[in-house]
Amino acid sequence: MTKPVCCCWVFLLLGSLPAWGHRYDIAIDPRLSLLQVRLCFDGAAPTSLTSGDRRAGTYLSDVYIDSPEPAGRVSVRRGRMRLQDIAADACIAYKVSLQQIAQGRRSSHIGDSRLLDIRSWLWRPETVPASTQLHFSMPAGVEVATPWPPLPGRRHGFLLPDTPADWSGRVAFGRVRKTSVNVAGAELHISLVGPFDDRQIDEVRTWVRKTAENISGVYGRFPVVNAGVLVMALGDRYGSGPVPWAEVQRSGRPEAHFFINQNLPLAAFLADWTPTHELAHMLHPAIAWQFKWFYEGLASYYQNVARARGGQLSQRQAWQKLYDGFERGLKQSRQPDRRGSPKYMEMYWRGAAAALLADVRLRKESHNRHSLDSALSQFQQCCFAPVKTWDGFAFFRRLDELTDSRVFSSIFGKYARSDEFPDVLPVLRDLGIQVKRGRVHLTDESDWLALRTDLMTKPVVVGVQQSGGLSLPAAGGR
Ligand SMILES: [Zn+2]
């Protein structure tokens, strides 16, 4: 099966170095306060560079043409570095104050390590040519973690993929240790920032592997062949949970970032929904923020479905957690709007409820040949190259085309255009799920028991009926 890999990954898979392209040489001082960057162009220089952050110009100093015979002019204005009459194969140099970046909130500390948003310092062409390389010079005892694929045989060398300039990415300097796990055809590259001991690193590997296995249960493989996982040790400074904050960033390659209390036991991480929710975001591409309700809902739906398939929840527990989420969302949707108080519960669970409606309708209409799983699987195979942000409606239309249906445009399109909270109770009743005093009961009173069981136990592989001999009623049944 051909995996959708970008040209850079093809170079890596072939095991050969790419041809020479633009080259960045980056040095950081031992106090982690100043970056010195030298960018040499391969052939003609672009007319301008951007960082993706309009404030990045304020962090710059000593910008100049660094060539034996410096011709041309370089100037910085309104978030753009303009290059005029620069000779072919010329170099430019600039310095970036990390202290000023910290004041601009594009930087943070984990102990004595520093985290930087790449948009604060990486000035790059609007379109990055293939084979553009970055090479870091690190002081003794300082390591670097980046969201970019490594250059083979180069300890601090990386390839710069052409993901959009305004996508966020994170680089860590300091106390960084690296490891990886292989799951279902994918390699997850884990970087740990902060004071982790060997036992804690083993435990991180265990819960990352288990979480990736959960997500692999959605359609039989992990969605991103080379994914990044950045784990940062917060200790107990931010609440009592194992993962006080997590997010996915997509510049370079999709990466899940976990800020954790590394001192809690492994069991706390295995019981937490956050890791599965976060890796579930790798099932979908970058989608415009106006559709946050959709992609957060998708991840909220799969954080329960995937944990059930992975054996971390029973079927009843998974349905209970979905029902509880729907109730929290519905309750918040009925509360008056208050400025400055986003309705997160409504947003996440409105999308999850729509995901359940779409999944069940698709399975019914296609006699279990298609599902939300198979739609996302087909999308991953045809269209997953991480080079653009999808409009939500375009994404729904593409899923409709892949499943030969109108399910996505009609259901998600409807809730994109209204604030109505989806009514899931008829679907739950249809699946033989009764609710008494808030407690979910799985009954045998349904024609759709096989569908209900399949949904929580196994993926629908495209074109393969997986009902395991259990007969499904004809489409259009109750
Ligand atoms: Zn999320």
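Here the sequence shown stands for residues -21 to -1, 1 to 457, numbered as in mature numbering (1 follows the signal peptide of the UniProt record, and there is no 0).
The C-beta atom is built at its ideal place from N, Cα and C for all residues, glycine as well.
Quiz prompt | Neighbourhood of aspartate 398 by C-beta, 8 Å cutoff - its chain only, sequence neighbours within 5 removed | solution = Counting only Cβ-Cβ distances below 8 Å, and skipping sequence neighbours, we find Ser312.
Quiz item: Residue ranges of each beta strand (DSSP E) run of no fewer than 3 residues wholly in the segment 28 to 60, ordered along the chain?
Solution: Counting only runs of 3+ residues, the beta strand (DSSP E) found wholly inside the segment 28 to 60 occupies 39 to 44 and 52 to 56, in chain order.
Quiz item: Quick one: is the Cβ of alanine 332 within less than 8 Å of any heavy atom of ligand 1?
Solution: No, the Cβ of alanine 332 stays beyond 8 Å of every heavy atom of ligand 1.
Practice problem: Pick helix, strand or coil for glutamate 380, following the three-state DSSP scheme. | Solution: Correct three-state label for glutamate 380: helix.
Quiz item: What residues are listed by DSSP as bridge partners for residue 538?
Solution: A query on residue 538 cannot be resolved here, the shown segment of the chain reaching from -21 to 457 and no further.
Quiz prompt | For lysine 189, three-class secondary structure by DSSP | solution = Residue state for lysine 189 is assigned as helix, using DSSP reduced to three classes.
Quiz item: Just how far apart, CA to CA, sit threonine 29 and aspartate 21?
Solution: About 18 Å.
Practice problem: Taking the CB atoms as reference points, tell me whether glycine 214 and glutamate 306 lie closer together than 9 Å. | Solution: Contact: no.
Quiz item: Could you give the C-beta distance for alanine 191 and valine 160, rounded to a whole number, given that I count them as a contact under 8 Å?
Solution: The Cβ separation is near 7 Å, so the contact holds.
Quiz item: On the three-state DSSP scale, how would you describe tryptophan 146?
Solution: In the structure shown, tryptophan 146 sits in coil (DSSP, three-state: anything other than H, G, I, E or B).
Quiz item: Quick one: Cα of leucine 245 to Cα of tryptophan 186, how far?
Solution: Cα to Cα, the separation comes out at about 7 Å.
Self-check item: arginine 317 burial status per 10 Å Cβ neighbour count (16 or more: buried)
Solution: Here arginine 317 is exposed: its Cβ has fewer than 16 other Cβ atoms, across all protein chains shown, within 10 Å.
Practice problem: Verify the contact flag: tyrosine 394, CB atom, against every heavy atom of ligand 1, threshold strictly below 8 Å. | Solution: Between ligand 1 and the CB of tyrosine 394, the shortest heavy atom gap is not smaller than 8 Å.
Practice problem: Can you have a look at serine 116 and say buried or exposed, based on whether 16 or more other CB atoms are within 10 angstroms of its CB? | Solution: When all chains shown are included, serine 116 counts as exposed.
Exercise. Classify phenylalanine 363 as helix, strand or coil using the three-state DSSP reduction.
Key: The answer is coil: DSSP assigns phenylalanine 363 none of H, G, I, E or B.
Practice problem: For glutamine 413, write down the residues that DSSP places opposite it in a beta bridge. | Solution: Answer is His420, bridged to glutamine 413.
Quiz item: Taking the beta strand (DSSP E) that lysine 157 falls in, what are its first and last residues?
Solution: First-last of the beta strand (DSSP E) with lysine 157: 155 to 162.
Exercise. Pull up the DSSP beta-bridge partners for glutamate 226, would you.
Key: Beta-bridge partners assigned by DSSP to glutamate 226: His236.
Quiz prompt | Closer than 7 Å: residues whose CB approaches a heavy atom of ligand 1 | solution = After applying the 7 Å Cβ criterion, the set is His256, Glu257, His260, Glu275 and Ala278.
Quiz item: Does the beta-carbon of lysine 310 have 16 or more other beta-carbons within 10 angstroms, so that it is buried, or is it exposed?
Solution: It counts as exposed.
Quiz prompt | Complete runs of the beta strand (DSSP E) confined to the segment 100 to 133 [at least 3 residues] | solution = Unbroken beta strand (DSSP E) runs of no fewer than 3 residues, entirely contained in the segment 100 to 133, are found at 112 to 116 and 122 to 124, following chain order.
Practice problem: Please classify asparagine 242: is it buried, with 16 or more other beta-carbons within 10 angstroms of its beta-carbon, or exposed? | Solution: By the neighbour-count rule (16 or more Cβ atoms within 10 Å), asparagine 242 is not buried but exposed.
Quiz item: Quick one: what's got a C-beta closer than 6 Å to glutamine 291's C-beta in the same chain, skipping five residues either side?
Solution: Scanning its chain for C-beta atoms nearer than 6 Å, with the 5 sequence neighbours on each side dropped, one finds no residue around glutamine 291.
Quiz item: From Ser27, Arg93, Gly83 and Gln82, pick the residue whose C-alpha is nearest to that of arginine 10; which is it?
Solution: That would be Arg93, whose Cα lies nearest to the Cα of arginine 10.
Quiz prompt | Coil, strand or helix - arginine 198 by DSSP | solution = Note that residue 198 is tyrosine in the sequence shown here, rather than arginine. Tyrosine 198 carries a helical assignment under DSSP once its states are collapsed to helix, strand and coil.
Quiz item: Tell me, which residues are paired with asparagine 205 by DSSP?
Solution: Beta-bridge partners of asparagine 205 (DSSP): Glu166.
Quiz item: tryptophan 252 by DSSP, collapsed to three states: which one?
Solution: Tryptophan 252 falls in the coil class under three-state DSSP.
Quiz prompt | Buried/exposed call for glycine 442, threshold 16 Cβ in 10 Å | solution = Here glycine 442 scores only 42 on pLDDT, less than 50, and its place in the model is too uncertain to base an answer on.
Quiz prompt | Within 9 Å, strictly: CB atoms of glycine 308 and arginine 288 | solution = Not closer than 9 Å, so no.
Quiz item: Between the segment 245 to 262 and the segment 380 to 388, are three or more C-beta pairs nearer than 8 Å?
Solution: Short answer: they don't touch.
Quiz item: In or out: serine 293 buried (at least 16 other Cβ within 10 Å) or exposed?
Solution: Flag for serine 293 reads exposed.
Quiz item: Taking DSSP as the reference, what is the three-state secondary structure of isoleucine 65?
Solution: In this structure, DSSP gives isoleucine 65 a state outside helix and strand, which the three-state scheme calls coil.
Quiz item: beta strand (DSSP E) containing aspartate 96: first to last residue?
Solution: From DSSP, the beta strand (DSSP E) with aspartate 96 extends over 92 to 96.
Quiz item: Between aspartate 96 and serine 147, which are expected to be in contact by the criterion C-beta below 8 Å, what is the C-beta distance as a whole number of angstroms?
Solution: Rounded, the Cβ-Cβ distance is 6 Å, consistent with contact.
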